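These protein sequence lines are chains A and B, in that order.
Counting in the working numbering, the first sequence runs from 1 upward without gaps.
Counting in the working numbering, the second sequence runs from 1 upward without gaps.
All residues carry an ideal CB built from backbone N, CA and C; glycine is no exception.
In this text the structure is predicted, and so the values were computed from the model without any measurement.
These notes concern the structure reproduced below.
Protein chains: 2
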Amino acid sequence: MLESTEVEYITKLVISAMNDAKDAKKMAVPVGVSARHIHLKQEDVEKLFGPGYQLTKKKELMGGQWAANEQCTIVGLKLRAIENVRILGPVRKASQVEISATDARTLGVNAPLRQSGDLKGSAPIALVGPKGAIYLEEGCIVAARHIHMTPADAAATGLKDGDMVSVRVENERGASLDQVKIRVDESFSLEMHIDTDEANACQIRQGDVAYIV
Amino acid sequence: MLESTEVEYITKLVISAMNDAKDAKKMAVPVGVSARHIHLKQEDVEKLFGPGYQLTKKKELMGGQWAANEQCTIVGLKLRAIENVRILGPVRKASQVEISATDARTLGVNAPLRQSGDLKGSAPIALVGPKGAIYLEEGCIVAARHIHMTPADAAATGLKDGDMVSVRVENERGASLDQVKIRVDESFSLEMHIDTDEANACQIRQGDVAYIV
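Printed below as a string of structure tokens:
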């Protein structure tokens, strides 16, 4: 039999746990699967496609980004290549190649896991276009999983830019992914971004829903 | 203020939860990463490598299995090929090709998620060897994650053959993988088997440790 002080203590713990559970809002987030892709600065566009060349829009994506008609071949240190890698527009301040860990192995590139734009000390990679080739001393990364949301979404979930959360998917494979970074901006629509390894390992298809836990 | 009947009910729930928690032993399991591979029946070995041909051993694996020196090229319905796919010995009763979901996409094969040996209605695939080619009407699968353990391991964890568990890995990417099947046999050594997509998505390397949760 339990002492009454134990009962009281346990009851307090339970009430506290129930309140915590109420605070944790289980938010549904649509998932976007990012295939390997390239961001370029205008100078590099011209080196690869010719002087004065402008990327052309194929398909609108989220947050003002778009898939370009243009593609490149990327080549790693072991001289292995992956062909037809899609370029995304508009041009950026720095060129960046985002590949999966599977691609990194194929290419023989030691690409670190990074949030987009965090390129310092990332892996070197060569890009070949129809009018030229460039060698990036750094710029090749495996993109770290993240969730884009508006300030309103953030307010609704009690999350803020830079927070790390875990996300659950329920399907035949079933998994929880940790270390998912929250990124908040007015231009974003609510979407979790994962790469093709994560999508394949967790049997997630474009547009499936995951839950912040 | 809570009624005393509520306190009693909550207390019972808590005691039950505490007992459950005591039973759930957090067991550390080394992880083996399975690259795409092929199992063959002797008849198919001979079709691919010539009459009377015997697979030759390159490297011992777990549970009496070994990597053979022999490799094949596999070709999917879209006529896309993956070269140099390792064959594992010894020969089996049925030929089977285990690929990742990334490979399935590359090949254009609709390979189902299955435990090894469960081939009914699985995907068709062509195999090409130095002396011939075969077309399997079924036999191509994406291997479902599982844990091999001895009866002693099973007894220690309170698990039995066929149980499904979740497994946690803690690292820069961090994840929990659900739907992990327990397979118990005297010939097994304790090891969790995942494929290259799962390893890459969760940043797991051969020999890393995961925890049954």
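query: Assuming Asn200(B) contacts Ala101(A) (C-beta within less than 8 Å), just tell me the rounded distance between them.; result: 4 Å
query: Are the CB atoms of Thr157(B) and Met62(B) nearer to each other than 8 Å?; result: no
query: Could you tell me the alpha carbon to alpha carbon distance between Met192(A) and Gly64(B), rounded to whole angstroms?; result: 43 Å
query: Evaluate Thr56(A) with the Cβ neighbour count: other Cβ atoms within 10 Å of its Cβ, from every protein chain shown; 16 or more gives buried, anything less gives exposed.; result: exposed
query: So, do the stretch 159-179 of chain B and the stretch 37-50 of chain B have three or more beta carbon pairs nearer to each other than 8 Å?; result: no
query: Looking at Thr73(A) and Ala83(A), is the spacing between their C-beta atoms short of 8 Å?; result: Note on identity: in this sequence residue 83(A) is Glu, with Ala being the wrong assignment. Cβ atoms of Glu83(A) and Thr73(A): closer than 8 Å.
query: Taking the alpha carbon of Gly32(A) as the point to measure from, which residue in Gln203(A), Cys202(A), Ile194(A) has its own alpha carbon closest?; result: Ile194(A)
query: Do you know how far the Cα of Ala111(A) is from the Cα of Arg145(A)?; result: 15 Å
query: Pick from Asn69(B), Ala35(B), Ile212(B), Ala154(B): whose alpha carbon is nearest that of Ser166(B)?; result: Ile212(B)
query: Which value, in whole angstroms, describes the spacing of the CA atoms of Val209(A) and Arg173(A)?; result: 14 Å
query: I need the DSSP call for Lys26(B), collapsed to helix, strand or coil.; result: coil
query: Strictly below 7 Å CB to CB, what residues from chain B border Arg173(A)?; result: Leu113, Gln179
query: Put Lys47(B) into one of helix, strand or coil per three-state DSSP.; result: helix
query: Just how far apart, CA to CA, sit Glu70(B) and Ile87(B)?; result: 6 Å
query: Ile182(A) to Ala152(A), Cα distance in whole Å?; result: 13 Å
query: Judging by CA-CA distance, which residue of Ile99(A), Asp197(A), Gly207(A) is the nearest neighbour of Ser189(A)?; result: Gly207(A)
query: For Gly89(A), which three-state DSSP category applies?; result: strand
query: DSSP puts Lys59(B) in a beta bridge; with which residues?; result: Ala67(B)
query: With 8 Å as the threshold, decide whether the Cβ of Ile74(A) is near any Cβ in chain B.; result: no
query: Verify the CB distance criterion: does Lys22(A) have a CB-CB separation below 8 Å to chain B?; result: Reliability of the predicted coordinates at Lys22(A) is poor, the pLDDT of 49 falling under 50, and the value obtained from them is presented with this limitation in mind. Answer no: the Cβ-Cβ gap between Lys22(A) and chain B never drops below 8 Å.
query: Are Glu98(A) and Ser122(A) touching if we call contact CB-CB under 8 Å?; result: no
query: Along chain A, in chain order, which residues have C-beta atoms closer than 9 Å to that of Cys140(B)?; result: Under the 9 Å cutoff, chain A gives no residues; its nearest Cβ is about 15 Å from Cys140(B).
query: Secondary structure at Gln233(B), three-state DSSP: helix, strand or coil?; result: Within the shown structure, residues of chain B are numbered from 1 to 213, placing residue 233(B) beyond reach of any answer.
query: Within 10 angstroms of the Cβ of Met149(A), are there 16 or more other Cβ atoms? Answer buried if so, exposed if not.; result: buried
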